[in-house]
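S.K.: My questions will all concern the structure given below.
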Amino acid sequence: GAVVVREGRIIARAHNQVELLKDATAHAEMLALTQAEAGVGDWRLIDCDLYVTKEPCAMCAGALVHTRVRRVIFGCTDPVAGAAGSVMNLLQMPGLNHRCDTASGILQDECAAILQDFFRKRRDEQIANRKSEIEN
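Just so we're aligned, residue 239 is where the sequence shown starts under our numbering, counting upward by one.
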């Protein structure tokens with residue numbers, strides 16, 4: 239999941255809803271940014287920090303740069319699709335109009351456990367859905 243913090247207060251929170259909404263862009267970061275923009279009344283989130291369980295992907299990192307988030311704090315790195323330092327670092331890319339400060343490895347073990355549980359539940363749901371389709 240993700241939360242956006244401004245002046246020490248959580249102003250937005252979201253979790254991954256890709257499967258629920260059947261929307262590839264419904265990552266926790268994207269949904270939290272949309273909420274924060276609505277709450278602040280501006281697409282610029284200059285004085286905001288985003289806390290997220292897993293390292294942002296390229297899509298989310300791009301949105302973080304465009305919204306000018308001040309800092310991104312994440313627990314687990316993503317060696318497959320991480321765009322905040324693991325595979326590439328869009329958050330610090332020279333030539334872009336903004337760079338986000340980053341901190342990684344924060345509560346890493348706890349975040350890894352949350353992610354493992356999330357993906358385990360997702361796999362179990364997919365198996366149950368396939369069984370249901372076969373039986374019907």
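Each residue gets a CB set at the ideal place from its N, CA and C atoms; glycine is no exception.
1) Considering only residues of the same chain and omitting the five flanking positions on each side of Leu259, which have a CB-CB separation below 7 Å?
2) Pull the bridge partners of Phe312 from the DSSP assignment, please.
3) So does the region 312-325 actually touch the region 266-286, counting three or more Cβ pairs closer than 8 Å?
4) Can you tell me which of Asn254, His265, Gly333 and Lys359 puts its alpha carbon nearest to the alpha carbon of Ala301?
5) Can you find the residues in the same chain that come closer than 8 Å, C-beta to C-beta, to Glu348, ignoring five residues on each side of it along the sequence?
6) Could you tell me which of Val307, Gly320, Arg309 and Leu269 sits nearest to Val256, measuring between CA atoms?
M.R.: Based on what the coordinates show:
1) Residue mapping note: residue 259 aligns to position 21 of the sequence shown, counting from 1. Nothing meets the Cβ criterion.
2) For the purposes of this step, residue 312 is taken as residue 74 along the sequence shown, with counting starting at 1. By DSSP's assignment, Phe312 forms a beta bridge with Val290 and Ser342.
3) Too few Cβ pairs lie closer than 8 Å, so no.
4) Within the sequence shown, numbered from 1, the residue matching residue 301 stands at position 63. If we check each option's Cα against that of Ala301, His265 comes out closest.
5) The count along the sequence shown starts at 1 and reaches residue 348 at position 110. Closer than 8 Å at Cβ, skipping near neighbours: Gly313.
6) Counted from its first residue, the sequence shown places residue 256 at position 18. When C-alpha distances from Val256 are compared across Val307, Gly320, Arg309 and Leu269, the shortest belongs to Leu269.
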